[in-house]
């Protein structure tokens, strides 16, 4: 589980490449919604997905973190709150479908008494692209 | 006015590609060097909108505006790059000319497929130069030759990537 703008979200562990300190991203001229920067790590660069802007919730904390999403198109960096993500184990049967349209999800699960959306990291941004295009 | 010592590399077997790296705001952009016809200071470019050099008229290209980049073109390091791809010409104002570099083609990387809209027409790829991320400009687009082109869709972008060697480098 991780948070963006104080909003608790979840991701499947297999969809996450790692979590590391956030470093300054490099703006890239782009008209793709929420994909307007890249992150450079040594000789590696990866696109940044601005999940906070998409959710309308600015990231919180001083020492922000970078969550590396294993997107189908390749690794993608997401800036998340400074709160260190936690590992939660849930029963797959406990995952319920939801009708969220603001973000791609795999469903919702209740953790600690709160409903948490499981972000579909592999296809993050795809429905938004389709919506923009249509 | 020309870049002495620079020879156009048109042979596809050539292992390196030459670029003039320029800066616009916080963005570093690489222009294929074989199209560079000259680099002028503000005084050399004069106050006219277009620049005439060696009998060729170079119409102004507001690259910063076209890329929606904030650039300060009032500084001392501002330069006008006279550019031609053989079919079209343009006088491109940049905030700074950073340098001329040869890059191994394998080190030219494609734009990640997550970038899916107009920027796929704007940039041919990207590379690293002096530890900076540099976007390789598509000169045809910059000179206004692709203005009517529909941006590549997701599917088209995937096909383009799959169909070119760019996925393993070679985007230049």
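Protein chains in written order, with the working numbering: chain R, 16 to 149; chain L, -2 to 169. Just so you know, even glycine gets a beta-carbon here, dropped at the ideal spot from N, CA and C.
Practice prompt. Return the residues of the region 58 to 70 of chain R that lie within a Cβ-Cβ distance of less than 8 Å from chain L, sorted by chain order.
Written response: 58, 60, 61, 62 and 64
Item to complete: Give the residues from the region 30 to 50 of chain R that approach chain L closer than 9 Å (Cβ to any Cβ), ordered along the chain.
Response: 41, 42, 43, 44, 45, 46, 47, 48 and 50
Worksheet item: In three-state terms, what does DSSP make of residue 16 (chain R)?
Response: If you number the first chain from 1, residue 16 (chain R) lands on position 1. Coil.
Worksheet entry | Boundaries of the beta strand (DSSP E) in which residue 83 (chain R) is found, first to last residue | Along the first chain, read from residue 1 onward, the residue named residue 83 (chain R) stands at position 68. It spans 80 to 86 - the beta strand (DSSP E) in which residue 83 (chain R) sits, taken as one unbroken run.
Worksheet item: What residues of chain L sit near residue 53 (chain R), judged by a beta carbon separation below 7 Å?
Response: Indexing the first chain from 1 puts residue 53 (chain R) at position 38. Neighbours of residue 53 (chain R) on chain L, chain order: 130.
Worksheet item: Would residue 17 (chain L) pass as a contact of residue 78 (chain L) if the rule is Cβ separation under 8 Å?
Response: For the purposes of this step, residue 17 (chain L) is taken as residue 20 along the second chain, with counting starting at 1. For the purposes of this step, residue 78 (chain L) is taken as residue 81 along the second chain, with counting starting at 1. In this structure, residue 78 (chain L) lies closer than 8 Å to residue 17 (chain L) by Cβ.
Worksheet entry | Contact check, residue 63 (chain L) vs residue 50 (chain L), beta carbons under 8 Å | Looking up residue 63 (chain L) in the second chain gives position 66. Looking up residue 50 (chain L) in the second chain gives position 53. No; because the gap between Cβ atoms is not below 8 Å, this pair is not in contact.
Item to complete: With 8 Å as the threshold, decide whether the Cβ of residue 169 (chain L) is near any Cβ in chain R.
Response: Mapped onto the second chain, residue 169 (chain L) falls at position 172. Chain R, which has no Cβ nearer than 8 Å to the Cβ of residue 169 (chain L), makes this no.
Worksheet item: In terms of residue numbering, what span does the alpha helix (DSSP H) encompassing residue 56 (chain R) cover?
Response: Translated into the one-based positions of the first chain, residue 56 (chain R) becomes position 41. It is not in any alpha helix (DSSP H) - residue 56 (chain R) instead sits in the beta strand (DSSP E) that spans 52 to 56.
Discussion item. Beta-carbon within less than 7 Å of residue 87 (chain R)'s beta-carbon, same chain only, minus the 5 sequence neighbours each way: which residues are those?
Written reply: Here the question's residue 87 (chain R) lines up with position 72 in the first chain. If we look at residue 87 (chain R) and ignore the five residues flanking it on each side, its Cβ neighbours are 137 and 138.
Fill in: Near-chain R residues of the region 86 to 116 of chain L - C-beta to any C-beta below 8 Å
106, 109, 110, 111, 112, 113, 114, 115 and 116
Worksheet item: If you follow the alpha helix (DSSP H) that residue 62 (chain L) is part of, which residue opens it and which one closes it?
Response: The residue labelled residue 62 (chain L) in the question sits at position 65 within the second chain. Start and end: 60 to 63.
Practice prompt. Might you give, ordered along the chain, the residues of its own chain that have their beta carbon closer than 7 Å to the beta carbon of residue 115 (chain R), omitting 5 neighbours on each side?
Written response: The count along the first chain starts at 1 and reaches residue 115 (chain R) at position 100. The answer, listed in chain order, is 132.
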